[in-house]
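Below: one structure, written as C-alpha cells.
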Amino acid sequence: GIQVEQSPPDLILQEGANSTLRCNFSDSVNNLQWFHQNPWGQLINLFYIPSGTKQNGRLSATTVATERYSLLYISSSQTTDSGVYFCAVRGSTLGRLYFGRGTQLTVWP
Amino acid sequence: DTGVSQDPRHKITKRGQNVTFRCDPISEHNRLYWYRQTLGQGPEFLTYFQNEAQLEKSRLLSDRFSAERPKGSFSTLEIQRTEQGDSAMYLCASRSPSYGYTFGSGTRLTVV
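Here the protein sequences come in this chain order: A and B. For the first sequence, my numbering begins at 6 and goes up steadily by one. For the second sequence, my numbering begins at 47 and goes up steadily by one.
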C-alpha cells in the first residue's frame, strides 16, 4: 500500500500564530484530501487537492504531486482549530484511502 | 441533512455478542466505504462497495465481520462474537468524483 507520513506529530500554538503541516506519500496518487477530526471523532473534509493550490478562508493547501508531498497552511490560528489533522491519499487503481497518523494541533488562547 | 449518517453513535456490548451498524451515504454517491479507527491512529480501510457490489475487502475484515449493501443504498456492518480488540470507532464514507470522500460521524464501539 501507499505510505503516508505526516509531520509534525504534535503542534502547540498560541492563538493568532501561523502553522504549516506536511504530508509525504510514497507513490503517485489520484486523490489527496486533508481532514480535521473534531473532538467528537467526525472527520471534516477541508480540501480535496490531488494537485495545485486551494484556499478556504484562513486555510490553504498545496499539493506537488510530482514530488509527492502536500502542505496545509493555517493562518491566524484559533482555539477552534484544535484537533487532529489527517492527510489521506488514494492510489491509481484501488478505491481505498490511505491515512497518515495525523498531526495533533493544540491552540491555546 | 444531505451528509453521511451512521447509527448508532455509540454502542457498548459484552464480549461474544453480535453487533450491527448502519450507514446511509449521500444519496447520489454510488461508492461507499467502511473504515476503523483506534486511539492514536489514522482510519484503516475495511471494505468498499460500488452500488451493491462489494469490490474490495481488507485483511482486517476477518470472518467475524460482514458488510452488505443490498440495494445499493444504505449499508450494514455486522461483527459477530465481538472481542475486546474490536473496540474502535467505525467510520463510513461515500465518495464523489468531484469532491472526494465525505465521512459520517462514526459509531464508537466499546466491548466490555
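Glycine is no exception: its CB is placed at the ideal position from the N, C-alpha and C atoms.
Residue i versus residue j: straight-line alpha-carbon distance, rounded
i: A:Phe-52; j: B:Ile-72; result: 18 Å
i: A:Ile-17; j: A:Thr-111; result: 5 Å
i: B:Ser-51; j: B:Thr-153; result: 10 Å
i: B:Asn-64; j: A:Ala-70; result: 43 Å
i: B:Asn-76; j: B:Ser-140; result: 7 Å
i: B:Phe-95; j: A:Thr-108; result: 29 Å
i: B:Thr-84; j: B:Gly-131; result: 10 Å
i: B:Asp-70; j: B:Ser-142; result: 15 Å
i: A:Leu-26; j: A:Thr-68; result: 12 Å
i: B:Ser-144; j: A:Gly-57; result: 15 Å
i: B:Lys-60; j: B:Ser-133; result: 11 Å
i: A:Thr-84; j: B:Leu-106; result: 36 Å
i: A:Asn-50; j: B:Ser-151; result: 12 Å
i: B:Thr-128; j: B:Tyr-81; result: 17 Å
i: B:Arg-55; j: A:Leu-48; result: 14 Å
i: A:Phe-40; j: B:Leu-123; result: 24 Å
i: B:Thr-93; j: B:Ser-112; result: 9 Å
i: A:Ser-75; j: B:Lys-103; result: 28 Å
i: B:Arg-110; j: B:Glu-74; result: 30 Å
Whole-angstrom C-beta distance between residue j and residue i, which should lie under 8 Å
i: B:Tyr-147; j: A:Gln-38; result: 6 Å
i: A:Ser-82; j: A:Glu-20; result: 6 Å
i: A:Ser-87; j: A:Tyr-78; result: At roughly 17 Å, the Cβ-Cβ gap does not stay under 8 Å, so A:Ser-87 and A:Tyr-78 are not in contact.
i: A:Asn-29; j: A:Arg-73; result: 6 Å
i: B:Leu-90; j: B:Arg-115; result: At residue 90 of chain B the sequence reads Glu, which differs from the Leu that was named. Not a contact, Cβ separation roughly 20 Å.
Residue i (DSSP reduced to helix, strand or coil)
i: B:Asp-70; result: strand
i: A:Asp-15; result: strand
i: A:Glu-72; result: helix
i: B:Thr-84; result: coil
i: B:Gln-126; result: coil
i: B:Gly-152; result: coil
i: B:Ser-131; result: Checking the sequence, you will find Gly at residue 131 of chain B rather than Ser. Note: B:Gly-131 maps to helix in three-state DSSP.
Where residue i meets chain B, residues with beta-carbon distance less than 8 Å
i: A:Asn-50; result: Tyr-145, Gly-146, Tyr-147, Thr-148 and Phe-149
Paired residues, beta bridge with residue i - DSSP
i: A:His-41; result: A:Ile-49 and A:Tyr-90
i: A:Phe-104; result: A:Ala-93
i: B:Gln-52; result: B:Cys-69
i: B:Val-157; result: B:Thr-59
i: A:Asn-29; result: A:Glu-10 and A:Tyr-74
i: B:Phe-111; result: B:Ile-125
i: A:Ser-24; result: A:Ile-79
i: B:Glu-90; result: B:Arg-82
i: B:Asn-76; result: BP columns for B:Asn-76 are empty, so no partner.
i: A:Thr-58; result: A:Thr-67
Amino acids of chain B, ordered along the chain, whose beta-carbon sits closer than 7 Å to that of residue i
i: A:Tyr-53; result: Tyr-145 and Gly-146
i: A:Arg-73; result: Those do not exist, as A:Arg-73 stays about 18 Å from chain B at its closest Cβ, beyond 7 Å.
Interface residues of chain A facing residue i [CB-CB closer than 8 Å]
i: B:Phe-91; result: Arg-101, Leu-102 and Tyr-103
i: B:Arg-154; result: Gly-46
The ligand FAD heavy atom lying under 7 Å from the CB of residue i
i: A:Arg-63; result: Inclusion of the ligand FAD in the displayed structure is not the case, the ligand content being empty and no account of it being possible.
Contacts of residue i in chain A (Cβ-Cβ under 7 Å)
i: B:Gly-118; result: Within 7 Å Cβ-Cβ: nothing; B:Gly-118 doesn't reach chain A, min ~15 Å.
Residues that residue i contacts on chain B, provided the C-beta gap is smaller than 9 Å
i: A:Gln-60; result: Residues of chain B passing the Cβ test: none, with the nearest at roughly 16 Å.
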